[in-house]
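Q: What follows is a structure written as structure tokens; I'll ask about it next.
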Amino acid sequence: RVLCVTMSTTIASLSTTPSRAAHRYRVVDANSRRGARRTAPRRRRDASALSSSSSSSSSLEEDLIANADAGDDARTIAAMNALTSAYATSPSVSNDALGASFSGVWRLIYSTKSAFDATAPLGRREDNTAPGLEAVFKAAFGDGGKGTDAASAAVTASSSPIQRAVLSNLTKGGFAVLQGVRLTGDATKHRVDQCVRFGDGYGYFRLSASASLEPESSPRRGTINYKFDNAYVMLQKPFEIRLPYPVPFKLLGDEAAGYLELKYASDRVRVVKGNKGTNFVFVREDSMDALPCANELF
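In the working numbering, the protein residues as written are -8 to 289.
Next up, the structure:
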């Protein structure tokens, strides 16, 4: 049960790692009809909805993607920091515009890493909250002796062992981590799907959550808040079978909830920070069909 809860609360945000050199990036129409090939030509967005339309941002994006491809952590982090340091969401941009910008299918190409914290085996949230089972460990071990203020919380944030295990396999054997985002249209259908696709066509794991954007008046505007409520494993070899993921999400309360704080966004690249302090770098996929469960999400 602990492992199930850990996976359900930490694999937040995710996509594949085939070579990006051969990819052409398009904006995807989230309202495409089911059954049809879900692709759309790239359209120009209002530059105010993005970090910048300058050539310098494009160059930094190229550096970020190239260094992530090469597996150079130091240079990837440097490029990511350079890209996010100059980013600011314009106050004039509505949540509708942000939702349209985020919607589509994204592939995870890089994530930062944290050391395992034995006093918080389920991971430690950046805001230092500890719902559910996480509260048991916090009561037993405290906050690791690092304080409870906001600055200390940022220092003590850590991911879980399962999240680290998943993300450490990003470049191995066709393994893929994808994220489907639907933040347009009917708000009751707004969702964020995490999909861990197994290599060699063996199937995938889907972890689905209801989602909403932080209010436009919030200093954290652009942040996606989510709460997991559905999951299953779809095996496709040696035979096809769908296995339910036995976690009572409704009983978990806030332990099933989290957020993705916006650090950078363009038509091509998104950088977000999860509630356990991990930074995730995504690139947009050409087609919604890259997400195995696209028909259920969109």
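For every residue, glycine included, the Cβ atom is placed at its ideal position computed from N, Cα and C.
So, does the CB of Asn58 fall closer than 8 Å to a CB anywhere in chain B?
A: Reference to chain B is not applicable here, since this structure consists of a single protein chain.
Q: Do Thr175 and Gly268 count as a contact pair if the criterion is CB distance below 8 Å?
A: For this step, residue 268 is matched to residue 277 along the sequence shown. For this step, residue 175 is matched to residue 184 along the sequence shown. For Gly268 and Thr175, no; Cβs fall outside 8 Å.
Q: Tell me the rounded alpha-carbon separation between Ala111 and Phe219.
A: Translated into positions along the sequence shown, residue 111 becomes position 120. Translated into positions along the sequence shown, residue 219 becomes position 228. Here Ala111 scores only 45 on pLDDT, less than 50, and its place in the model should not be relied on; the value that follows carries that caveat. Going from the Cα of Ala111 to the Cα of Phe219 covers about 21 Å.
Q: Could you give the uninterrupted runs of the beta strand (DSSP E) lying entirely in the region 205 to 241, keeping only those of 3 residues or more?
A: List check, beta strand (DSSP E) in window: 215 to 226, 232 to 235.
Q: On the DSSP letters alone, give me the boundaries of the alpha helix (DSSP H) that Phe93 sits inside.
A: Position 102 of the sequence shown, counted from the start, is the residue given in the question as residue 93. Note, Phe93: alpha helix (DSSP H), 86 to 93.
Q: Would you report the Cα separation of Asn216 and Arg188, rounded to the nearest angstrom?
A: By 1-based counting over the sequence shown, the position of residue 216 is 225. By 1-based counting over the sequence shown, the position of residue 188 is 197. Asn216 and Arg188: Cα-Cα distance of roughly 23 Å.
Q: Per DSSP, what are the beta-bridge partners of Ala200 in this structure?
A: In the sequence shown, residue 200 corresponds to position 209, counting from 1. BP columns for Ala200 point to Val183, Phe219.
Q: Whole angstroms are fine: how far does the CA of Pro229 sit from the CA of Ala88?
A: Here residue 88 corresponds to residue number 97 of the sequence shown, with the count starting at 1. Here residue 229 corresponds to residue number 238 of the sequence shown, with the count starting at 1. So the two alpha carbons sit approximately 44 Å from each other.
Q: With DSSP run on the structure shown, which of helix, strand or coil describes Ser48?
A: Along the sequence shown, read from residue 1 onward, the residue named residue 48 stands at position 57. Looking at Ser48 - three-state DSSP - the assignment turns out to be helix.
Q: Considering only DSSP beta bridges, list what Arg98 is partnered with.
A: On the sequence shown, residue 98 is found 107 positions in, with the first residue counted as 1. Beta-bridge pairing links Arg98 to Leu169, Val274.
Q: So Ala256 is in the beta strand (DSSP E); what residue range does that whole segment cover?
A: Reading the sequence shown from its first residue, position 265 is the one you call residue 256. Segment 248 to 256, the beta strand (DSSP E) holding Ala256.
Q: In the DSSP output, which residue or residues are listed as bridge partners for Tyr195?
A: The count along the sequence shown starts at 1 and reaches residue 195 at position 204. Looking at the DSSP assignment, Tyr195 forms a beta bridge with Arg188, Met225.
Q: Output the distance between the C-alpha atoms of Leu288 and Val183, rounded to the nearest integer angstrom.
A: In the sequence shown, counting from the first residue as 1, residue 288 sits at position 297. In the sequence shown, counting from the first residue as 1, residue 183 sits at position 192. Spanning the two alpha carbons is a distance of roughly 8 Å.
Q: Below 7 Å CB to CB, which residues in the same chain sit around Gly75 once its five sequence neighbours on both sides are set aside?
A: Here residue 75 refers to the residue found at position 84 of the sequence shown. As written in the sequence, residue 75 is Thr, which differs from the Gly given in the question. Only Lys254, Tyr255, Val262 meet the Cβ criterion.
Q: Please return the same chain residues whose Cβ sits closer than 8 Å to the Cβ of Ala178, not counting the five positions on each side in sequence.
A: Taking the first residue of the sequence shown as 1, we reach residue 178 at position 187. Excluding sequence neighbours, Ala178 sits near Ser203.
Q: Look up Arg261 in the DSSP assignment and say whether it is helix, strand or coil.
A: Reading the sequence shown from its first residue, position 270 is the one you call residue 261. Correct three-state label for Arg261: strand.
Q: Leaving out the 5 sequence neighbours to the left and right, which residues in its chain are closer than 6 Å to Ala285 when beta-carbon positions are compared?
A: One-based indexing of the sequence shown puts residue 285 at position 294. Closer than 6 Å at Cβ, skipping near neighbours: Met279.
Q: I'd like to know whether the C-beta atoms of Met225 and Arg259 end up nearer to each other than 8 Å.
A: Numbered from its first residue, the sequence shown carries residue 225 at position 234. Numbered from its first residue, the sequence shown carries residue 259 at position 268. Against a cut-off of 8 Å, the Cβ pair of Arg259 and Met225 comes out as no contact.
Q: If you run the structure through DSSP and keep just helix, strand and coil, what is His81?
A: Taking the sequence shown and counting its residues from 1, one reaches residue 81 at position 90. According to the sequence shown, residue 81 is Ser rather than His. Reduced to three states, the DSSP call for Ser81 is coil.
Q: Tell me which same chain residues have a C-beta within less than 6 Å of the C-beta of Glu207, skipping the five on either side of it?
A: Here residue 207 refers to the residue found at position 216 when the sequence shown is read from its first residue. Excluding residues within five positions, the ones whose Cβ falls inside 6 Å are Asn86.
Q: From which residue to which residue does the alpha helix (DSSP H) around Thr75 run?
A: Taking the sequence shown and counting its residues from 1, one reaches residue 75 at position 84. Start and end: 64 to 76.
Q: Grab me the residues of Arg36's own chain with a C-beta within less than 7 Å of its C-beta, minus the 5 sequence neighbours each way, in chain order.
A: Walking along the sequence shown from the start, residue 36 turns up at place 45. Below a pLDDT of 50, predicted positions are generally treated as unreliable, and Arg36, at 39, falls in that range; the measurement from the model is reported next regardless. If we look at Arg36 and ignore the five residues flanking it on each side, its Cβ neighbours are Ser92, Asp258.
Q: Can you tell which of Ser49, Leu251, Lys104 has the C-alpha that lies nearest to the C-alpha of Ser201?
A: Locating residue 201 in the sequence shown gives position 210, where the first residue counts as 1. Minimum Cα distance to Ser201 is reached at Leu251.
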